[in-house]
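Written out below as structure tokens is the structure these notes cover.
There are 2 protein chains.
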Amino acid sequence: MILDKINSPMDLKNLNLDEMNSLANEMREIIIKKVNTTGGHMAPNLGIIETTIALHYVFNSPVDKFVFDVSHQCYPHKILTGRKNGFINEEDYQKYTGYTAPEESPHDMFKIGHTSTSISLASGLAKARDLNNENYNVIALIGDGSLSGGEALEGLNFASKLNSNFIIIVNDNQMSIAQNYGGLYDNLALLRETKGKAENNFFKTLGYDYLFVKNGNNIEKLIEEFQKIKNVNHPLVVHLITEKGHGLQQATDNKEKFHWIMPNELDEKPEITTNECYTSITVDYFLKKAKQDSSFAVVNAATPGVFGLSKEIREKLGKQYIDTAIAEEHAIAMISGMASNGAKPVFCIMSSFIQRTYDQLSQDLCLNSNPATILVYWGGITESDATHLTTFDISLMCNIPNLVYLAPTTKEEYLKMLDWSVEQSDFPVAIRVPSTELISVGAEDKTNYSILNKYQITKKGDSVALMGLGNFYYKAVEISKDLEKEGINATIINPKFITGIDVELMEELKKTHKVVVTLEDGELNGGWGEKIARYFGDSDMKVLNYGSHKEFSDRIPLNELYTKYRLHNELILEDIKKAL
Amino acid sequence: MILDKINSPMDLKNLNLDEMNSLANEMREIIIKKVNTTGGHMAPNLGIIETTIALHYVFNSPVDKFVFDVSHQCYPHKILTGRKNGFINEEDYQKYTGYTAPEESPHDMFKIGHTSTSISLASGLAKARDLNNENYNVIALIGDGSLSGGEALEGLNFASKLNSNFIIIVNDNQMSIAQNYGGLYDNLALLRETKGKAENNFFKTLGYDYLFVKNGNNIEKLIEEFQKIKNVNHPLVVHLITEKGHGLQQATDNKEKFHWIMPNELDEKPEITTNECYTSITVDYFLKKAKQDSSFAVVNAATPGVFGLSKEIREKLGKQYIDTAIAEEHAIAMISGMASNGAKPVFCIMSSFIQRTYDQLSQDLCLNSNPATILVYWGGITESDATHLTTFDISLMCNIPNLVYLAPTTKEEYLKMLDWSVEQSDFPVAIRVPSTELISVGAEDKTNYSILNKYQITKKGDSVALMGLGNFYYKAVEISKDLEKEGINATIINPKFITGIDVELMEELKKTHKVVVTLEDGELNGGWGEKIARYFGDSDMKVLNYGSHKEFSDRIPLNELYTKYRLHNELILEDIKKAL
């Protein structure tokens, strides 16, 4: 194997072209095997193998500095920079994160997992270089899909004026995670058609020198082109055409599906799951509602697949389906505008990405109190990479005035809340879609959610009140059973409302309870439970708050996190008994 | 006066051109007088008078819908839509907010004060219109300066594909608040030079139909042009050239200064203030540091004036001064890159605008723990418009892992923190620049701020501990004096660290104190005080938290807010005595 000889980018420099082509094949093979075993980003990495080899052949990392946008395409880079074991040895498959990580290698400049950041980060590297009168190449590699994000566009406007070396490689594989949306993509298409010769050129309008490179999967041509631009003394965009999923037919045939795959995607026959889950009942609701009401629309920012919005569903929704491209800020402002003007938009977003919209939530949506609906998916404490934690949405959102943030615990509650939100016209509403299994109680929820901040007592007890928010409602139920064994009759409360306190109920509790326990599946700091602690601050009530700590945990087993955060039931039980 | 006859845009339609020109003069006169009396946005409003008249003459507001970006230029619109009294009668000068506000008029679509939002908001209006099969014009009016913001650029990418009427008027007055920065502005200059004929056209690359209108201050020409595009059936950019400050020579001569003015700017001789303040000592520090260290740089996002970064200072800083244009997201990512690569950036930003960067603070900066410095100006409870509240920065920032957010209380503390932050290499640091008068204690601060979360006891007492954060430290001191009169010897604590708790000190307090009072000049929800309440939740300590409520207060007198939030010293005293 050629790969045996490659332990750092320096080792590449001794290879001839044939060897590099063989190396690409070897890398492709191990990436396919590894990703099919562990899951991960398949198609973006397969498309960038040749580019990565050519870049490391021509430039001198880490003196020359690469920034990989969103790092969905950093596996080949990892293989060439001393981490090939993580792709060859099954026992090392989990050793490295799927994203760039400076703690792993000096060839990684930043820990990156959110999109559209590379140009700005890299322009910071370049600015520091220039202030310190140093000389080397700074290269941002960004996919066409990531270009639509506001941060990337701000960076593009800024960086063209750097007056020094700055290379942006636009990896144009003609795809975002799903299809691209927006006017920019027509210009990229025009540039592809004209081999970069069209007069009207988005990058040139922003002041960039521009190089069109057709053969993004041809190492020889790439080396030739990169050698031309090495040490360029001004900002330059390389418009590089690659094939997403290159070399794996299943991936090139189905680029959206193979952007990120689950384990064994290649081997298994696709299984038709008919099991209901929160995602599937949401899609069912969308289809039904869209049919009934032409003003209803489903909005998402470039990640339809994760919400079950398959091509088929999208087609059924027709013009009632809106993909904003990667543009979460725009999406929130747009749904505010829609809701203010007689439409009923529902915006689907993952907990980790709602972070990209704080000011839009505050100013565009909540200050204007427009009745749009936001579904926040997969909020909660997980074993995820530090780049994709889903523990911050509560503390981010629950302190914004006017927003109603709801935490359902059952299918019936969720559907009731969702339909209430869509039909009401008073509040901006977000719903934290449960990340538990689907739990159905059978009976319809008849709550009127327009009466805000009304918590539900599901079991009346004394001395201890267990308040379990959303996902953690069931933790409250479990702990109450444990307490029962010890002769303690706990009250169980389903708060439902993250954004407010049921003052009446809290006053009731003061009369009959000694300890209040809050349980939330997210960061304690700035979250919901702290507000309960504050409420009882001047009283004799003891308050115990449970949730995650303020930290970027990085692929830590859930069990370990629960121990650290004292979230295991027996630990909570211990604390309660101590407090009583 | 022509204006006497104008009570709604309908009344415009009966005027002839001469009358409209007279009207423009009358409007200009009252705007100048009003703004010079009350302070406010002068130059942007003077530049857009003729456009606003022509727009309301040609289109039919509120059926046709206007969205004014950042609404720095909405005074003429307010005058024409039933609110002229707010500009004519001195007693009504404060009646209307300086921004668009739907509660004032059906001609205002949104409450807007942050920039770069109009295209996205308007595209929501258009989407709703299309879903409901309605027919009218939707018009976003956005300044060239606001175009550099990520949200605007996301919106531009999206809206060109609307397939229906959508008009973006780019009000190109060749200025942001100060000078424009970025490649885009060279393209706008090229388009101006070529009268819109240049092949390479930023807006066209994004798929827009494009109309160049040279005479943005000529009503006759404007009417002609707007009549051409009324009811256009696709997205169109009108590139409109106006003169910022038109008709007032002082304003056209000094556009930056006259963007927003203080009262009586036109009448008074400029006073050279030599009084030290937190802004001036910061600028002094910048100049000194920049001279000493070529890797030091001052960064801001298009609002240099408010930080005392005058043209003269900017020139002195030379390449160590960076204006990112309106691009707060880019700025945070860039300083992270700079700090990771051997530079020492300090980013100046107003509390209200740090909101625009949550994800960049979290992912680009804090996840990477790069030692950049952020100065947050004017955080605190004020009488401001709801669009510019400065109460949210603490709850936004203090729950982000790794960030060190500091609250100095004196000149010496502030300068020590600032220099410590610039020189250290372990933490991303933000400092909440005091919004109090400059307070100097004379003696140098010798604290080592690398020892995190160490609060300072400035007076040792018993039973009650008063913890006053930043601006509110002095409130703690005052209250302690009041308590002394009642025979209560309170402990006073200067926490300094917003982002952490001094656990050791808190445990000490448990032994000797009964009541802990937290005072913070910002929102209680999600803020610093709640963490103290949570900390003491399982103990017998009584905790009283003071700060602002979760609300968008809108130009409410401070005294009234303090009453509502129980922030008057006598109210706090009352609560303490009750708790003891």
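Just so you know, the sequences run in chain order L and B. Residue 80 is where the first sequence starts when you use the working numbering, and the numbers rise one by one after that. Residue 80 is where the second sequence starts when you use the working numbering, and the numbers rise one by one after that. Glycine included, each C-beta is placed from N, C-alpha and C at the ideal position. Here the structure is a predicted model, which is why all the values come from computation and not from measurement.
Residues of chain B with CB closer than 9 Å to the CB of Asp581/L, please, in chain order. Counting from one through the first sequence, the residue named residue 581/L turns up at place 502. Ordered by position in chain B, no residue passes the 9 Å Cβ test against Asp581/L, which lies about 15 Å from the chain.
Given His151/B as reference, the closest of Gln371/B, His338/B, Leu345/B and Pro314/B once Cα atoms are compared: Position 72 of the second sequence, counted from the first residue, corresponds to residue 151/B. When only C-alpha atoms are compared, the closest one is His338/B.
Rounded distance between the beta-carbons of Pro513/L and Tyr493/L, thought under 8 Å: Here residue 493/L refers to the residue found at position 414 when the first sequence is read from its first residue. Here residue 513/L refers to the residue found at position 434 when the first sequence is read from its first residue. Indeed they touch by this definition, with Cβ atoms about 7 Å apart.
Beta carbon of Asn284/L, beta carbon of Thr273/B: below 7 Å? For this step, residue 284/L is matched to residue 205 along the first sequence. For this step, residue 273/B is matched to residue 194 along the second sequence. Correcting the residue identity first, residue 284/L is Thr in this sequence and not Asn. Not closer than 7 Å, so no.
Give the straight-line distance between the Cα atoms of Gly384/B and Thr130/L, rounded to the nearest whole angstrom. The residue you call residue 384/B lines up with position 305 of the second sequence. The residue you call residue 130/L lines up with position 51 of the first sequence. So the two alpha carbons sit approximately 45 Å from each other.
Whose Cβ in chain B lies nearer than 9 Å to the Cβ of Pro485/L? Start at 1 with the first residue of the first sequence, and residue 485/L comes out as number 406. Correcting the residue identity first, residue 485/L is Leu in this sequence and not Pro. The premise fails here: Leu485/L is roughly 16 Å from chain B at the closest Cβ pair, so nothing lies under 9 Å.
Once DSSP output is grouped into helix, strand and coil, what is the label at Gln399/B? Counted from its first residue, the second sequence places residue 399/B at position 320. Three-state DSSP puts Gln399/B in a helix.
Euclidean distance between Cα positions of Leu388/L and Val362/L: One-based indexing of the first sequence puts residue 388/L at position 309. One-based indexing of the first sequence puts residue 362/L at position 283. Leu388/L and Val362/L: Cα-Cα distance of roughly 7 Å.
Any beta carbon from chain L within less than 7 Å of Thr403/B's own beta carbon? Position 324 of the second sequence, counting from 1, holds the residue named residue 403/B. Output row for Thr403/B: interface = yes.
Can you round the beta-carbon distance between Ala205/L and Leu241/L to whole angstroms, since I take them to be within the 8 Å contact cut? What you label residue 205/L is simply residue 126 of the first sequence in a count that begins at 1. What you label residue 241/L is simply residue 162 of the first sequence in a count that begins at 1. Ala205/L to Leu241/L, Cβ: 6 Å. Contact.
Nearest to Leu482/L by alpha carbon, out of Asp505/L, Val501/L and Ile460/L? Start at 1 with the first residue of the first sequence, and residue 482/L comes out as number 403. Among Asp505/L, Val501/L and Ile460/L, the Cα nearest to that of Leu482/L belongs to Asp505/L.
Can you grab the Cα-Cα spacing for the pair Ser430/B / Lys276/L, in whole Å? The residue labelled residue 430/B in the question sits at position 351 within the second sequence. The residue labelled residue 276/L in the question sits at position 197 within the first sequence. So the two alpha carbons sit approximately 45 Å from each other.
State the CB to CB distance for the pair Asn250/B and Ile221/B, rounded to an integer number of angstroms; the pair is presumed to be in contact (CB under 8 Å). Along the second sequence, one-based indexing puts residue 250/B at 171. Along the second sequence, one-based indexing puts residue 221/B at 142. That pair is a contact at about 7 Å.
At a Cβ threshold of 7 Å, is Thr284/L touching chain B? For this step, residue 284/L is matched to residue 205 along the first sequence. It does: the Cβ of Thr284/L has a partner Cβ on chain B nearer than 7 Å.
Cutoff 7 Å; reference Leu345/B; Cβ partners in own chain excluding five residues on either side: In the second sequence, residue 345/B corresponds to position 266, counting from 1. For Leu345/B, where only same-chain residues beyond five positions count, the Cβ hits under 7 Å are Asn115 and Gln329.
Range covered by the beta strand (DSSP E) that runs through Pro314/L: Residue 314/L sits at position 235 when you count from the first residue of the first sequence. Taken as a continuous stretch (DSSP letters only), the beta strand (DSSP E) holding Pro314/L covers Pro314 to Ile320.
Best match in His193/B, Glu563/B, Lys84/B and Asn604/B for proximity to Ile473/B [C-alpha to C-alpha]: Locating residue 473/B in the second sequence gives position 394, where the first residue counts as 1. The shortest Cα separation from Ile473/B among His193/B, Glu563/B, Lys84/B and Asn604/B belongs to Asn604/B.
Boundaries of the beta strand (DSSP E) in which Asn379/L is found, first to last residue: One-based indexing of the first sequence puts residue 379/L at position 300. From DSSP, the beta strand (DSSP E) with Asn379/L extends over Phe375 to Asn379.
Contacts that Leu82/L makes with chain B (C-beta to C-beta distance below 8 Å): By one-based count along the first sequence, residue 82/L stands at place 3. Simply none; closest approach about 30 Å.
Residue range of the unbroken alpha helix (DSSP H) whose run includes Gln371/B: For this step, residue 371/B is matched to residue 292 along the second sequence. Residues Tyr357 to Gln371.
Residue from Ala238/L, Asn294/L and Leu226/L with nearest C-alpha to Asn266/L: Looking up residue 266/L in the first sequence gives position 187. It is Leu226/L whose Cα lies nearest to the Cα of Asn266/L.
As an exercise, report each continuous beta strand (DSSP E) stretch of at least 3 residues that is fully enclosed by the segment 235 to 295 of chain L, in chain order. 245 to 251 and 288 to 292
For Ala201/B, three-class secondary structure by DSSP: Locating residue 201/B in the second sequence gives position 122, where the first residue counts as 1. In the structure shown, Ala201/B sits in a helix (DSSP, three-state: H, G or I).
Identify the residues that DSSP records as bridge partners of Asn624/L: which are they? The residue labelled residue 624/L in the question sits at position 545 within the first sequence. According to DSSP, which records beta bridges pairwise, Asn624/L is partnered with Thr597/L.
Against chain L, with Cβ distances strictly below 7 Å, would Asn604/B count as a contact? Numbered from its first residue, the second sequence carries residue 604/B at position 525. Chain L contact via Cβ: present.
Taking Arg511/B as part of the alpha helix (DSSP H), name the residues at either end of that continuous run. Residue mapping note: residue 511/B aligns to position 432 of the second sequence, counting from 1. No alpha helix (DSSP H) contains Arg511/B, which is instead part of the beta strand (DSSP E) from Val508 to Arg511.
Do you know how far the Cα of Glu557/B is from the Cα of Glu649/B? For the purposes of this step, residue 649/B is taken as residue 570 along the second sequence, with counting starting at 1. For the purposes of this step, residue 557/B is taken as residue 478 along the second sequence, with counting starting at 1. Between Glu649/B and Glu557/B, the C-alpha separation is close to 10 Å.
Does the beta-carbon of Asn214/L have 16 or more other beta-carbons within 10 angstroms, so that it is buried, or is it exposed? By one-based count along the first sequence, residue 214/L stands at place 135. Answer is exposed; the Cβ neighbour count stays below 16.
Strictly by DSSP, which residues pair up with Gln535/L? By 1-based counting over the first sequence, the position of residue 535/L is 456. Looking at the DSSP assignment, Gln535/L forms a beta bridge with Asn573/L.
If Glu599/B sits next to Leu548/B, beta carbons under 8 Å apart, how far is it from one beta carbon to the other, in whole angstroms? Counted from its first residue, the second sequence places residue 599/B at position 520. Counted from its first residue, the second sequence places residue 548/B at position 469. That pair is a contact at about 4 Å.
Just reading off the beta strand (DSSP E) that Lys423/L is part of, what are its end residues? The residue given as residue 423/L occupies position 344 in the first sequence. Run containing Lys423/L: Lys423 to Met429, per the beta strand (DSSP E) assignment.
Would you call Gly459/B buried or exposed, if buried means 16 or more other Cβ atoms sit within 10 Å of its Cβ? Residue 459/B sits at position 380 when you count from the first residue of the second sequence. So Gly459/B counts as buried.
Determine the extent of the alpha helix (DSSP H) in which Lys495/L is found, giving its start and end residues. In the first sequence, counting from the first residue as 1, residue 495/L sits at position 416. Lys495/L -> alpha helix (DSSP H) spans Lys490 to Glu502.
Go through its chain and collect everything with a Cβ distance to Glu563/B's Cβ below 8 Å, but skip five positions before and after it. Here residue 563/B corresponds to residue number 484 of the second sequence, with the count starting at 1. Within the same chain, Glu563/B has close Cβ partners Ala569.
Just how far apart, CA to CA, sit Leu674/L and Ala238/L? The shown model of chain L, from 80 to 659, leaves out residue 674/L, and the question about it has no answer.
Under the three-state DSSP convention, the category His193/B falls into: Residue mapping note: residue 193/B aligns to position 114 of the second sequence, counting from 1. Note: His193/B maps to coil in three-state DSSP.
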